[in-house]
Amino acid sequence: MTLSRQEVEHVAMLARLKLSEEEKERLSSELGAILDYVERLEALPTAEVEPLAHVLPMHNAFRPDEPRAPFARDEMLANAPQALDGLFKVPRIL
Amino acid sequence: MERGGYEAVIGLEVHVELKTASKIFCACPNQFGGEPNTHICPVCTGMPGVLPVVNQRVVEYAIRTGLALNCQIAPFSKFDRKNYFYPDLPKAYQISQYDLPICRGGYLDIEVEGERRRIGITRVHMEEDAGKLVHLGTIATTPYSLVDLNRSGVPLLEIVSEPDLRTPAEARAYVERLRAVLLFLGVSDCKMQEGSLRCDANVSVRPRGSQALGTKTEIKNMNSFKALERALAYEIERQLDLLEDGGCVVQETRTWDEGKQVTLSMRSKEEAHDYRYFPDPDLVPIVIDDEWVERVRATMPELPDAARQRLQSCYGLSAYDAGVLTATKDSLDFFDACVALGGEAKAVANWMMGDFSRLLNQRGEEIAESKVTPAALVRMLEMVREGTISGKLAKAVFEEMYASGRGPDEIVREQGLVQISDEEALAPLIAAIVADNPKVAEDYRNGKDKALGFFVGQVMKATRGQANPQVVNAILQRMLRGTQ
Numbered sequence: 001m002t003l004s005r006q007e008v009e010h011v012a013m014l015a016r017l018k019l020s021e022e023e024k025e026r027l028s029s030e031l032g033a034i035l036d037y038v039e040r041l042e043a044l045p046t047a048e049v050e051p052l053a054h055v056l057p058m059h060n061a062f063r064p065d066e067p068r069a070p071f072a073r074d075e076m077l078a079n080a081p082q083a084l085d086g087l088f089k090v091p092r093i094l
Numbered sequence: 001m002e003r004g005g006y007e008a009v010i011g012l013e014v015h016v017e018l019k020t021a022s023k024i025f026c027a028c029p030n031q032f033g034g035e036p037n038t039h040i041c042p043v044c045t046g047m048p049g050v051l052p053v054v055n056q057r058v059v060e061y062a063i064r065t066g067l068a069l070n071c072q073i074a075p076f077s078k079f080d081r082k083n084y085f086y087p088d089l090p091k092a093y094q095i096s097q098y099d100l101p102i103c104r105g106g107y108l109d110i111e112v113e114g115e116r117r118r119i120g121i122t123r124v125h126m127e128e129d130a131g132k133l134v135h136l137g138t139i140a141t142t143p144y145s146l147v148d149l150n151r152s153g154v155p156l157l158e159i160v161s162e163p164d165l166r167t168p169a170e171a172r173a174y175v176e177r178l179r180a181v182l183l184f185l186g187v188s189d190c191k192m193q194e195g196s197l198r199c200d201a202n203v204s205v206r207p208r209g210s211q212a213l214g215t216k217t218e219i220k221n222m223n224s225f226k227a228l229e230r231a232l233a234y235e236i237e238r239q240l241d242l243l244e245d246g247g248c249v250v251q252e253t254r255t256w257d258e259g260k261q262v263t264l265s266m267r268s269k270e271e272a273h274d275y276r277y278f279p280d281p282d283l284v285p286i287v288i289d290d291e292w293v294e295r296v297r298a299t300m301p302e303l304p305d306a307a308r309q310r311l312q313s314c315y316g317l318s319a320y321d322a323g324v325l326t327a328t329k330d331s332l333d334f335f336d337a338c339v340a341l342g343g344e345a346k347a348v349a350n351w352m353m354g355d356f357s358r359l360l361n362q363r364g365e366e367i368a369e370s371k372v373t374p375a376a377l378v379r380m381l382e383m384v385r386e387g388t389i390s391g392k393l394a395k396a397v398f399e400e401m402y403a404s405g406r407g408p409d410e411i412v413r414e415q416g417l418v419q420i421s422d423e424e425a426l427a428p429l430i431a432a433i434v435a436d437n438p439k440v441a442e443d444y445r446n447g448k449d450k451a452l453g454f455f456v457g458q459v460m461k462a463t464r465g466q467a468n469p470q471v472v473n474a475i476l477q478r479m480l481r482g483t484q
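In order, the protein sequence lines correspond to chains A and B.
The opening position of the first sequence corresponds to residue 1 in our numbering, with each subsequent residue numbered one higher.
The opening position of the second sequence corresponds to residue 1 in our numbering, with each subsequent residue numbered one higher.
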């Protein structure tokens with residue numbers, strides 16, 4: 001199976017990836033191969049199987065509603081490429 | 001095209017921030033405002049390798065809300081990731097609920113112009129709020145944006161209605177009613193101006209009687225009840241204009257421009273988001289058994305509809321008065337506190353809906369912020385009943401109570417506002433006024449009853465409103481007849 005060029009472009013756009021023509025070509029078949037592999041699951045009889053929401057056999061992992069001291073602002077901003085007046089600085093968003 | 005032949009179809013998505021102590025997936029404090037980026041940690045800023053853990057109170061508030069909105073509480077629900085890129089969303093996905101929300105299939109009854117309508121609730125789900133962008137200068141010229149993540153991870157409920165609303169007035173009534181319920185539940189403070197209650201609308205129009213839905217638009221950025229009503233009215237007219245001109249409605253997202261009072265296109269369907277939802281592997285499912293639901297049900301407070309009925313049947317208040325007093329939890333609590341202290345229900349209601357609410361509106365304050373206590377209001381009403389102060393003086397006393405927070409006894413004593421009921425004190429004063437106005441006295445004796453009012457007014461003026469009007473009336477009638 002090959003993914004159509006349009007599908008590759010759509011997925012690239014959603015992931016904000018800029019692909020060259022050659023990459024689009026290559027990904028069409030590579031992504032297609034991955035989907036083929038996953039499609040093998042279709043062969044299994046799953047009519048009687050409940051959909052799985054989580055791989056761990058667990059539920060209700062909660063914490064009580066008790067606040068703790070947040071991190072120091074300087075520490076939180078330490079890894080930011082740019083900061084100004086205690087705020088994260090990012091390219092302009094329209 | 002006959003406009004009367006068309007109707008609007010409106011569905012609302014309401015987001016409310018929950019009033020928990022900590023955020024939904026980390027223990028950072030959940031507080032409005034604060035210095036930028038001072039309520040954050042690696043979890044709510046999306047640092048690599050961190051794990052979210054659900055705040056149990058968020059689940060309980062969601063169950064409480066679902067029960068109040070007559071929903072089924074899902075025995076099994078889960079969290080999903082909603083993927084999109086925006087700098088106020090540090091993980092590049094929002095943790096939300098997609099196909100298995102915590103509550104489904106409820107309703108909320110509203111009343112518009114005396115007509116009761118039942119509005120379906122499609123679902124209620126839990127999710128996290130995003131941060132806030134701060135722009136320097138104008139959005140068009142600023143070279144960069146600044147991000148404050150204090151709000152990132154604040155717990156939200158999204159409450160989605162069925163497309164059951166037909167007019168802007170119904171939409172407003174629905175949000176007002178929903179807000180009242182949420183305030184009574186104590187799950188959110190629901191301040192539209194601060195963004196703790198936000199509302200988006202889906203709007204379309206169709207020929208009356210048609211079952212099919214027209215093409216809809218989504219309206220955002222309505223930050224007050226008035227904005228909600230106006231934006232919907234504008235959008236319905238805009239869609240009808242398009243159809244009238246032989247055009248058609250384009251499916252798109254539009255934003256309400258409060259300054260220009262119009263809706264403007266934000267993005268079309270082609271640019272619409274493809275969120276690629278999938279179950280969040282960091283969070284295990286939520287299983288809610290009947291016992292948990294019943295435990296929450298047992299702690300449910302009285303809701304607005306029940307309170308309104310109680311006020312009508314226990315105290316004989318009108319449906320209108322009961323509706324106004326139960327519009328907020330604080331207002332009902334104040335009323336109940338006054339009655340518990342021995343206040344006469346009707347008098348308490350009149351003062352709360354009259355002078356008290358006028359002063360609150362003037363100053364833009366909420367009843368909970370006011371310095372007037374139930375005990376002070378009840379004491380003031382007692383002084384009116386005992387005749388210590390007149391109803392007119394009470395207004396001045398109340399204004400002073402409102403302004404300073406002092407008790408009525410103190411104010412009355414200090415300002416010498418005590419009502420003069422002593423006949424011996426009033427009689428000479430009244431005699432002098434009658435003597436000064438022989439013509440008016442003559443008129444009264446000739447059957448002109450209105451002349452009495454003139455004398456009462458003069459006496460009130462002379463005593464700075466402190467004379468007891470009943471006593472004045474009695475003395476005047478006796479004097480005017482007696483001198484005949």
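Just so it is clear, CB atoms sit at the ideal spot from N, CA and C, and this is done for glycine as well.
All of these numbers come straight from a predicted model, not from anything done at the bench.
Where the alpha helix (DSSP H) through residue i begins and ends
{"i": "residue 248 of chain B", "result": "Run containing residue 248 of chain B: none; DSSP gives neither H nor E here."}
{"i": "residue 430 of chain B", "result": "423 to 436"}
{"i": "residue 410 of chain B", "result": "408 to 415"}
{"i": "residue 338 of chain B", "result": "329 to 340"}
{"i": "residue 546 of chain B", "result": "Absent from the model: residue 546 of chain B. The displayed extent of chain B is 1 to 484, so no value can be given."}
{"i": "residue 550 of chain B", "result": "Coverage of chain B is limited to positions 1 through 484, which leaves residue 550 of chain B absent and any answer about it impossible."}
Buried or exposed (CB count within 10 angstroms, at least 16 for buried), residue i
{"i": "residue 174 of chain B", "result": "buried"}
{"i": "residue 219 of chain B", "result": "buried"}
{"i": "residue 131 of chain B", "result": "buried"}
{"i": "residue 286 of chain B", "result": "buried"}
{"i": "residue 57 of chain B", "result": "buried"}
{"i": "residue 401 of chain B", "result": "buried"}
{"i": "residue 75 of chain A", "result": "exposed"}
{"i": "residue 33 of chain A", "result": "exposed"}
{"i": "residue 448 of chain B", "result": "exposed"}
{"i": "residue 20 of chain A", "result": "exposed"}
{"i": "residue 484 of chain B", "result": "Residue placement at residue 484 of chain B is flagged as unreliable, the pLDDT there being 42, under the threshold of 50; a coordinate-derived value is accordingly withheld."}
{"i": "residue 93 of chain B", "result": "buried"}
{"i": "residue 246 of chain B", "result": "exposed"}
{"i": "residue 29 of chain A", "result": "exposed"}
CA nearest to the CA of residue i, picked from the options
{"i": "residue 148 of chain B", "options": "A/87, A/92, A/93 and A/91", "result": "A/87"}
{"i": "residue 478 of chain B", "options": "B/444, B/231, B/411 and B/386", "result": "B/444"}
{"i": "residue 341 of chain B", "options": "B/323, B/375, B/317 and B/359", "result": "B/375"}
{"i": "residue 265 of chain B", "options": "B/381, B/28 and B/239", "result": "B/239"}
{"i": "residue 231 of chain B", "options": "B/31, B/167 and B/28", "result": "B/167"}
{"i": "residue 253 of chain B", "options": "B/209, B/211 and B/204", "result": "B/204"}
{"i": "residue 461 of chain B", "options": "B/433, B/275 and B/335", "result": "B/433"}
{"i": "residue 186 of chain B", "options": "B/6, B/63 and B/281", "result": "B/63"}
{"i": "residue 442 of chain B", "options": "B/480, B/382, B/427 and B/469", "result": "B/480"}
{"i": "residue 106 of chain B", "options": "B/113, B/125 and B/88", "result": "B/125"}
{"i": "residue 9 of chain B", "options": "B/329, B/451, B/207 and B/421", "result": "B/207"}
Chain-order list of residues whose beta-carbon lies under 6 Å from that of residue i (same chain, five-residue window excluded)
{"i": "residue 150 of chain B", "result": "34 and 39"}
{"i": "residue 371 of chain B", "result": "405"}
{"i": "residue 472 of chain B", "result": "456 and 459"}
{"i": "residue 15 of chain B", "result": "156, 158 and 198"}
Test item: CB-CB of residue i and residue j under 8 Å
{"i": "residue 284 of chain B", "j": "residue 54 of chain A", "result": "yes"}
{"i": "residue 217 of chain B", "j": "residue 160 of chain B", "result": "no"}
{"i": "residue 80 of chain B", "j": "residue 408 of chain B", "result": "no"}
{"i": "residue 197 of chain B", "j": "residue 188 of chain B", "result": "yes"}
{"i": "residue 215 of chain B", "j": "residue 248 of chain B", "result": "yes"}
{"i": "residue 181 of chain B", "j": "residue 360 of chain B", "result": "no"}
{"i": "residue 93 of chain A", "j": "residue 145 of chain B", "result": "yes"}
{"i": "residue 256 of chain B", "j": "residue 221 of chain B", "result": "yes"}
{"i": "residue 63 of chain A", "j": "residue 53 of chain B", "result": "yes"}
{"i": "residue 475 of chain B", "j": "residue 423 of chain B", "result": "yes"}
{"i": "residue 377 of chain B", "j": "residue 351 of chain B", "result": "yes"}
{"i": "residue 113 of chain B", "j": "residue 153 of chain B", "result": "no"}
{"i": "residue 315 of chain B", "j": "residue 98 of chain B", "result": "no"}
{"i": "residue 90 of chain B", "j": "residue 45 of chain B", "result": "yes"}
Cβ neighbours of residue i in the same chain (closer than 7 Å, five flanking residues each side left out)
{"i": "residue 36 of chain A", "result": "1"}
{"i": "residue 332 of chain B", "result": "307, 325 and 326"}
{"i": "residue 100 of chain B", "result": "74, 76, 77 and 78"}
{"i": "residue 397 of chain B", "result": "380, 389, 408, 411, 412 and 417"}
{"i": "residue 233 of chain B", "result": "168"}
{"i": "residue 275 of chain B", "result": "82, 83 and 84"}
Cβ neighbours of residue i in the same chain (closer than 8 Å, five flanking residues each side left out)
{"i": "residue 172 of chain B", "result": "225, 228 and 229"}
Terminal residues of the beta strand (DSSP E) in which residue i lies
{"i": "residue 236 of chain B", "result": "That residue, residue 236 of chain B, is in no beta strand (DSSP E); its alpha helix (DSSP H) goes 225 to 244."}
Closer than 8 Å at the beta carbon, the chain C residues around residue i
{"i": "residue 28 of chain B", "result": "The structure shown contains no chain C; its protein chains are A and B."}
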